[in-house]
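A.B. asks: Just dropping this structure here.
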Amino acid sequence: MPSNKIGITLLVAGALLLVASVVISSTIIAFIGLGLTFWGALFLFVRSTKFVKLPILDATAISPYVTLDRIIADLEYKGNIVYIPPYPKDTYLPEHLAGLKDMVVFVSANNYTTLPTIEEMAKKQFIVKNPEGICITPPGFGLVSLFEKELKTDFTKIDKESLYVDLPIVIVNNLGLASDFEMNAEKVFVHVKIKDSVYNHLYSKNQNLKTIQSIGCPLTSAVACVLAITTGKPVTITKSKISPDLKTIEICYQIIEG
Numbered sequence: 110m111p112s113n114k115i116g117i118t119l120l121v122a123g124a125l126l127l128v129a130s131v132v133i134s135s136t137i138i139a140f141i142g143l144g145l146t147f148w149g150a151l152f153l154f155v156r157s158t159k160f161v162k163l164p165i166l167d168a169t170a171i172s173p174y175v176t177l178d179r180i181i182a183d184l185e186y187k188g189n190i191v192y193i194p195p196y197p198k199d200t201y202l203p204e205h206l207a208g209l210k211d212m213v214v215f216v217s218a219n220n221y222t223t224l225p226t227i228e229e230m231a232k233k234q235f236i237v238k239n240p241e242g243i244c245i246t247p248p249g250f251g252l253v254s255l256f257e258k259e260l261k262t263d264f265t266k267i268d269k270e271s272l273y274v275d276l277p278i279v280i281v282n283n284l285g286l287a288s289d290f291e292m293n294a295e296k297v298f299v300h301v302k303i304k305d306s307v308y309n310h311l312y313s314k315n316q317n318l319k320t321i322q323s324i325g326c327p328l329t330s331a332v333a334c335v336l337a338i339t340t341g342k343p344v345t346i347t348k349s350k351i352s353p354d355l356k357t358i359e360i361c362y363q364i365i366e367g
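Just so we're aligned, residue 110 is where the sequence shown starts under the working numbering, counting upward by one.
This is the structure in C-alpha cells:
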C-alpha cells in the first residue's frame with residue numbers, strides 16, 4: 110500500500126537522521142529526524158488500525174520522546190511547555206508572517222509564562238531568543254488532521270460545547286484510539302479521562318520518558334492542540350496521572366486567558 114511504503118521510508122530516514130544527530134551533536138538534525146519518525150509512524154497507523162500491532166506503534170512512538178528528553182536535558186531547560194495556537198488556515202497573512210499558521214509547542218528555558226512575540230514566532234526558528242526556549246511541532250499534531258477529517262470541519266469553526274461531544278466519538282468510535290474518552294470543562298480547566306489508549310505504554314516506568322508528562326503522548330498532545338486551536342488561546346498540561354496498570358490516563362489542561 111502507498112501509505113505503508115511512505116511510512117517505512119519516513120521511519121528509516123528519520124532513524125538515520127536521529128543517529129546522525131547524535132554523532133555530530135546537532136539538535137536541528139535531531140528534530141528533523143524526530144518529525145520524520147513521527148510522520149512515518151503515523152502513516153503506518155493510518156493505513157488501518159487492524160493491521161498495525163500495538164507493540165509496533167509503541168516502538169515507533171518512543172524514539173521522538175527519547176530524543177526530546179535528551180535535547181531538553183542537554184539545553185538544561187527547566188521551564189514550562191505551552192501549546193501555542195496557530196492563526197486560522199483561511200486567514201490572510203503576509204509572507205513574512207506565514208509561520209504564524211503553524212501549530213507549535215514552546216518549551217521555555219526558565220519557569221515563566223512569557224510567550225514568544227509574533228515576530229519571533231513568524232521566523233519559524235527552532236531556537237527562540239526572546240524569551241529563551243525552543244519551538245517544536247507537537248507530537249500529536251498529525252492526529253489533529255485525522256480528527257478534522259472525521260468531523261468534516263476545521264477546529265477553528267467549532268464551538269467548545271460541540272467539541273466536548275464530538276471529539277470523544279471520533280477518538281473512540283471512529284479511530285479506535287481508546288475504549289473510553291471523557292471530557293469535562295471547569296472554567297479555564299479541561300479534565301480528560303482516557304481508558305485503554307493505544308499509547309498508554311509510553312507512560313510505563315520502564316520507558317522512563319520525562320517530557321511525556323508535560324507534553325503528552327500523541328493522543329493527549331493532539332487534544333491539547335485541538336483545545337488551543339478551538340479556543341485560539343495557549344494551552345498547558347497541568348496534571349498528568351496514569352493508573353498503575355496503565356489502563357487509565359487522567360489529564361488536566363489549562364486554557365491560558367489574557
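Even for Gly, the Cβ is constructed at its ideal location relative to N, Cα and C.
#1: Quick one: Cα of I280 to Cα of I364, how far?
#2: Among V332, S352, P195 and T176, whose alpha-carbon lies nearest the alpha-carbon of H62?
#3: Expressed to the nearest angstrom, what Euclidean distance is found between the alpha-carbon atoms of I190 and S323?
#4: Quick one: give me the first and last residue of the alpha helix (DSSP H) that M417 is part of.
#5: Can you find the residues in the same chain that come closer than 6 Å, C-beta to C-beta, to T345, ignoring five residues on each side of it along the sequence?
#6: Measuring only the C-alpha atoms, how far is K187 from S306?
#7: Short check: CB of N219 to CB of E241, under 8 Å?
#8: C361 and K342 look like a contact to me (Cβ under 8 Å); what is the Cβ gap, rounded to whole Å?
#9: What did DSSP end up calling I245 once you bin it into helix, strand or coil?
#10: Assign G285 to one of two classes, buried (16 or more other C-beta atoms within 10 Å of its C-beta) or exposed (fewer than that).
#11: Identify the continuous alpha helix (DSSP H) that holds A337 and give its terminal residues.
#12: Around the Cβ of L125, are there at least 16 other Cβ atoms within 10 angstroms (buried) or fewer (exposed)?
#13: Beta strand (DSSP E) containing A253: first to last residue?
#14: Any chance the CB of N189 is under 7 Å from a heavy atom of the ligand MN?
#15: Determine the extent of the alpha helix (DSSP H) in which D275 is found, giving its start and end residues.
#16: In the structure shown, what three-state DSSP assignment does F264 receive?
#17: Is DSSP giving A294 helix, strand or coil here?
#18: Compute the Euclidean distance between the alpha carbons of N283 and I133, then round it to the nearest angstrom.
C.D. replies: The answer reads as follows:
#1: Annotation: I280 to I364 spans about 21 Å, alpha carbon to alpha carbon.
#2: Since the first and last residues shown for the chain are 110 and 367, residue 62 lies out of range.
#3: About 7 Å.
#4: Only positions 110 to 367 of the chain appear in the structure, and residue 417 is not among them; the question remains open.
#5: Excluding residues within five positions, the ones whose Cβ falls inside 6 Å are V191 and Q363.
#6: So the alpha carbons of these two residues sit roughly 28 Å apart.
#7: Result yes, Cβ atoms of N219 and E241 sit closer than 8 Å.
#8: At roughly 16 Å, the Cβ-Cβ gap does not stay under 8 Å, so C361 and K342 are not in contact.
#9: Annotated three-state conformation of I245 is strand, per DSSP.
#10: The residue in question, G285, is exposed, as its Cβ has fewer than 16 Cβ neighbours within 10 Å.
#11: Secondary structure note for A337: its alpha helix (DSSP H) is the uninterrupted segment P327 to T340.
#12: It counts as exposed.
#13: Looking at the sequence provided, one finds Val at residue 253 rather than Ala. Note, V253: premise wrong, no beta strand (DSSP E); alpha helix (DSSP H) at F250 to L260.
#14: Among the components of this structure there are no ligands whatsoever, and the ligand MN is therefore not found.
#15: Segment K269 to I278, the alpha helix (DSSP H) holding D275.
#16: Here DSSP, grouped into helix, strand and coil, assigns F264 to helix.
#17: Looking at A294 - three-state DSSP - the assignment turns out to be strand.
#18: Rounded to the nearest whole angstrom, the C-alpha separation of N283 and I133 is 43 Å.
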